[in-house]
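In order, the protein sequences belong to chains L and W. Taking our numbering, I'd label the letters of the first sequence as residues 332 to 561. Taking our numbering, I'd label the letters of the second sequence as residues 61 to 492. Where is the CB? At the ideal position from N, CA and C, for every residue including glycine. Please read the structure below before turning to the comments.
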Amino acid sequence: MRLLLIEDDVMIGTGVRAALRQDGYVVDWVQDGAAAEAALAAEPAYALVLLDLGLPKKDGLALLESLRRRGKRIPVLIITARDAVADRVRGLDLGADDYLVKPFELDELGARIRALLRRHAGRAEPVVEFGGFRLDPSTRKVSYLGREVSVSAREFSLLSALLERPGRPLSRAQLEERLYGWGEEIASNSVEVHVHNLRRKLGERAIRTVRGAGYVIDEAEACRSAASSS
Amino acid sequence: MSIRRKLLVALLAALGVTGVAASGATWFEVRRQANQLFDYHLEQMALSLADQPLAASAALVPQLGLGQDYVVQVWDSGGVLAYISKNGAPLPPASSGFDDVGVDGEDWRVFTLEAPDRTIQVAAPAELRSGQATAMALRILVPILATIPVYGLIIWLIVGEGLRPLNQIARAIRRRQPASLEPLPQARLPEEVAPLVSELNALLARLREALDRQKRFTADAAHELRSPLTALQVQLDMLARARTPEENRAALEALRAGMKRAARLVEQMLTMARLEPEAQLAQPAAVALDALAAQVAGELEPLAEARRIELRLERLESVAVRGDATALHALARNLIDNAIRYAPAGGAVRLAAFAEDGSAFLVVEDDGPGIPPAERARVFDRFYRLPGSHAEGSGLGLAIARQVADAHGAEIALGDAAGGHGLRVTVRFKTA
């Protein structure tokens, strides 16, 4: 899950990025409005934007406005020191999905991010359940066919990505976009390696390869697996 | 004591004293004149009696038209009382000239004329004369005393009328919200009260301004504290999450840096707040700029060393300005501290203090990124930070420097450093 963090305060940015990485997100961090605009234009794969308002070069609200004008539906969470009700109303009315006032606790930030991602995926329940999978984003625990499986952060991200729109395949490039931030070395076969490892833990049929399209988790496959294992 | 009562008492007392003094003076003057007149009268009578034969005196006295109060006595040369006018007791013999004598508890004025063949005495009761003087004095005193209540009433009314605007102002103030600093109404004020009210309004305006400034500062400060507090919160949360000794150490390190930043911001805010009220110079004294630069350089040496910045005291000449030593220290410290923070590692910060053209100069130069001309006016604003500059800057350093400079009537200018890149800050004090 790849997030764009737009924050001009170096200390806050450093801390938040580290925390979100620990949570398994891929985080790109920019420190001014212009860089944020460029990043949003170049990378289509962000699952969510964390937006500070008092930004150099281009104000956060202006950024948000132009983002929505271009029809982007990406969830935006405003993180700001502006705490007046009028500011919050303005931020939400301009298209933000949530508003968090500084100072905040990392746990709350994490919970709000999860809630936004969940709502954006069209789910109300916090736990993702599909195709025999059960993913809990808050504890980062995975169980498959009722059995708890331990997975790495990257593997969790990969499963989350595939379960974002269940049944729709994602290409290797799309998965890479979601799994790796800027400046991260990507081995040419890293997605394959993660898929391979997951299949080893979960069984061959947990993730299906769609020739020419990528990978998919589908309902039917899981049911068959469940039937065959019982 | 109220002005009205004070005026009333003072004016009426003055009036009373004046009246009494005037009538007293009149009394004395009238009596003196009356005395002269009476004495002349007595003398004339005596002389006219002396012109007559002794025997004729008795016949003459009634013709003189003397009042009943007068007494005339004539002694012959043998010292025998030859004649005494009908009323009154005999007067004792007296020597020639005027005399005051008492007979049977009554005061008499006597004139004695010694003619060759007789001695003539003419006398009148003293009371007759003072009576006239008293009547005259009373005629003056009574009208004056009678006017006192009238004057009192007039004073009471005029003073009340005159003080009415003051009462109105007092009422206006009483009716206000306690926190209201709106100006007082100034219409239709007597000219004695108008300056008071306009001064009061000026004071209120200054208060309002100071209060606004304070409010703005508090709001700004609260806003500005959010960033370091957020950083601290994030760093603290990261410390709590740390699972390995390395993560723990890194989180602690970050937290320590965050604390330092917050502490510095608070310290800067305090400096700013202390300078606040238009920085009235507390105790102007002679402050040597060269010594100040050297002192601050010494204080910041550890910071410079940590950043591998060389602090160069380039041109320190003996030059002093009059001002507040603490405030000037804050000015120098902020400028030099800024320079050290913005100079690149391994760079240099150059300091100079000198006198030129009737001015004293303090110059701080670094070889950092400098400030683009377009930003040079704004960087003096409180909490303004250059876009993309260090997070650790409080945004107050230059604001503090500007405030101190303003309070000292000094100019502070930003320019390019001598090398072409870097910032040169020049503070110019007028010494002439």
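Cβ of residue 290/W within 8 Å of any chain L Cβ: Counting from 1 along the second sequence, the entry for residue 290/W is found at position 230. It does: the Cβ of residue 290/W has a partner Cβ on chain L nearer than 8 Å.
Strand pairing of residue 474/L, partner residues [DSSP]: On the first sequence, residue 474/L is found 143 positions in, with the first residue counted as 1. According to DSSP, which records beta bridges pairwise, residue 474/L is partnered with 465/L and 479/L.
Opposing strand residues paired with residue 486/W [DSSP bridges]: In the second sequence, residue 486/W corresponds to position 426, counting from 1. DSSP output for residue 486/W lists 423/W and 473/W as bridge partner(s).
Residue 290/W: first and last residue of the uninterrupted alpha helix (DSSP H) it sits in: Counting from 1 along the second sequence, the entry for residue 290/W is found at position 230. Run containing residue 290/W: 254-301, per the alpha helix (DSSP H) assignment.
N-terminal and C-terminal residue of the alpha helix (DSSP H) that residue 362/L is part of: As a working note, residue 362/L is residue 31 in the first sequence. From DSSP, residue 362/L is part of no alpha helix (DSSP H); its letter is neither H nor E.
Buried/exposed call for residue 480/W, threshold 16 Cβ in 10 Å: Walking along the second sequence from the start, residue 480/W turns up at place 420. Residue 480/W is exposed by the Cβ-count criterion.
Sequence-distant residues of its chain with Cβ nearer than 7 Å to residue 378/L (five each side left out): One-based indexing of the first sequence puts residue 378/L at position 47. Here the set comprises 332, 333, 334 and 448.
Alpha carbon of residue 396/W to alpha carbon of residue 327/W, nearest angstrom: Position 336 of the second sequence, counted from the start, is the residue given in the question as residue 396/W. Position 267 of the second sequence, counted from the start, is the residue given in the question as residue 327/W. Going from the Cα of residue 396/W to the Cα of residue 327/W covers about 16 Å.
Chain L within 8 Å of residue 297/W, Cβ atoms only: Looking up residue 297/W in the second sequence gives position 237. Chain L, which has a Cβ nearer than 8 Å to the Cβ of residue 297/W, makes this yes.
Residue 342/L: contacting residues in chain W (beta-carbon distance under 9 Å): As a first step, residue 342/L must be located in the first sequence, where it is residue number 11. Under the 9 Å cutoff, chain W gives 287, 288, 290, 291, 292, 294, 295, 314, 317, 318, 321, 451 and 452.
Contacts of residue 301/W in chain L (Cβ-Cβ under 8 Å): On the second sequence, residue 301/W is found 241 positions in, with the first residue counted as 1. In chain order: 350, 353 and 437.
Distance between residue 162/W and residue 72/W (C-alpha atoms, nearest Å): Translated into positions along the second sequence, residue 72/W becomes position 12. Translated into positions along the second sequence, residue 162/W becomes position 102. Their Cα atoms are separated by approximately 42 Å.
Presumed contact (8 Å Cβ cut-off) between residue 346/L and residue 291/W, rounded CB distance: In the first sequence, counting from the first residue as 1, residue 346/L sits at position 15. In the second sequence, counting from the first residue as 1, residue 291/W sits at position 231. Correct: roughly 6 Å between the Cβ atoms.
C-alpha distance - residue 482/W paired with residue 344/L, whole-angstrom precision: The residue you call residue 482/W lines up with position 422 of the second sequence. The residue you call residue 344/L lines up with position 13 of the first sequence. For residue 482/W and residue 344/L, the distance between alpha carbons rounds to 28 Å.
Within chain W, partners of residue 412/L - CB distance below 7 Å: Locating residue 412/L in the first sequence gives position 81, where the first residue counts as 1. Per Cβ cutoff of 7 Å: 283, 286 and 287.
For residue 460/W, the nearest candidate out of 66/W, 408/W, 413/W and 393/W (CA to CA): In the second sequence, the residue the question calls residue 460/W occupies position 400. Closest by alpha carbon: 393/W.
Proximity below 8 Å, CB of residue 407/L to CB of residue 382/L: Indexing the first sequence from 1 puts residue 407/L at position 76. Indexing the first sequence from 1 puts residue 382/L at position 51. It is a contact, given that the beta carbons lie within the stated cut-off.
4-residue-minimum alpha helix (DSSP H) runs that sit fully inside the segment 394-421 of chain L, ordered along the chain: none
Alpha helix (DSSP H) runs wholly inside the segment 370-435 of chain W, at least 4 long, in chain order: 385-402
Backbone secondary structure at residue 174/W - three-state DSSP: For the purposes of this step, residue 174/W is identified with residue 114 of the second sequence, where counting begins at 1. DSSP places residue 174/W in strand when its eight states are reduced to three.
Beta-carbon spacing of residue 212/W, residue 250/W below 8 Å: Against the second sequence, residue 212/W aligns to sequence position 152. Against the second sequence, residue 250/W aligns to sequence position 190. Not in contact: residue 212/W and residue 250/W (Cβ atoms no closer than 8 Å).
DSSP three-state assignment for residue 358/W, whether helix, strand or coil: Counting from 1 along the second sequence, the entry for residue 358/W is found at position 298. In the structure shown, residue 358/W sits in a helix (DSSP, three-state: H, G or I).
Residues of the segment 367-401 of chain L whose Cβ lies closer than 8 Å to any Cβ of chain W, in chain order: 387 and 388
Contact set between residue 347/L and chain W, taken where Cβ atoms lie within less than 7 Å: Along the first sequence, one-based indexing puts residue 347/L at 16. 294, listed in chain order.
Partners in chain W for residue 434/L, counting only beta-carbon separations shorter than 7 Å: The sequence position of residue 434/L within the first sequence is 103, counting from 1. Going along chain W in sequence order, the residues near residue 434/L (Cβ under 7 Å) are 286, 289, 290 and 293.
One or two residues paired with residue 133/W in a DSSP bridge: Walking along the second sequence from the start, residue 133/W turns up at place 73. 144/W and 181/W.
As assigned by DSSP and simplified to three states, the class of residue 100/W: Taking the first residue of the second sequence as 1, we reach residue 100/W at position 40. The answer is helix: DSSP assigns residue 100/W an H, G or I state.
Residue-level contact to chain L via CB, residue 339/W, 8 Å cutoff: Along the second sequence, read from residue 1 onward, the residue named residue 339/W stands at position 279. Because residue 339/W carries a pLDDT of 49, less than 50, the predicted location of this residue cannot be relied on, and the following value inherits that uncertainty. Answer no: the Cβ-Cβ gap between residue 339/W and chain L never drops below 8 Å.
Span separating the alpha-carbon of residue 362/W from that of residue 319/W: One-based indexing of the second sequence puts residue 362/W at position 302. One-based indexing of the second sequence puts residue 319/W at position 259. Cα to Cα, the separation comes out at about 19 Å.
Outcome for residue 451/W when other beta-carbon atoms lying within 10 angstroms are tallied against a minimum of 16: The count along the second sequence starts at 1 and reaches residue 451/W at position 391. With a pLDDT of only 49 at residue 451/W, under the threshold of 50, the placement of this residue in the model should not be trusted, and no figure is reported.
Closer than 8 Å to chain L by CB, residue 458/W: Locating residue 458/W in the second sequence gives position 398, counting from the first residue. No, residue 458/W lies away from the interface with chain L (no Cβ there is under 8 Å from its Cβ).
CB of residue 102/W within 8 Å of CB of residue 186/W, strictly: As a working note, residue 102/W is residue 42 in the second sequence. As a working note, residue 186/W is residue 126 in the second sequence. Cβ distance not < 8 Å, so residue 102/W and residue 186/W don't count as in contact.
Outcome for residue 463/L when other beta-carbon atoms lying within 10 angstroms are tallied against a minimum of 16: Position 132 of the first sequence, counted from the first residue, corresponds to residue 463/L. Buried is the call here.
Beta-ladder partner(s) of residue 221/W, from DSSP: As a working mapping, residue 221/W is identified with position 161 in the second sequence. BP columns for residue 221/W are empty, so no partner.
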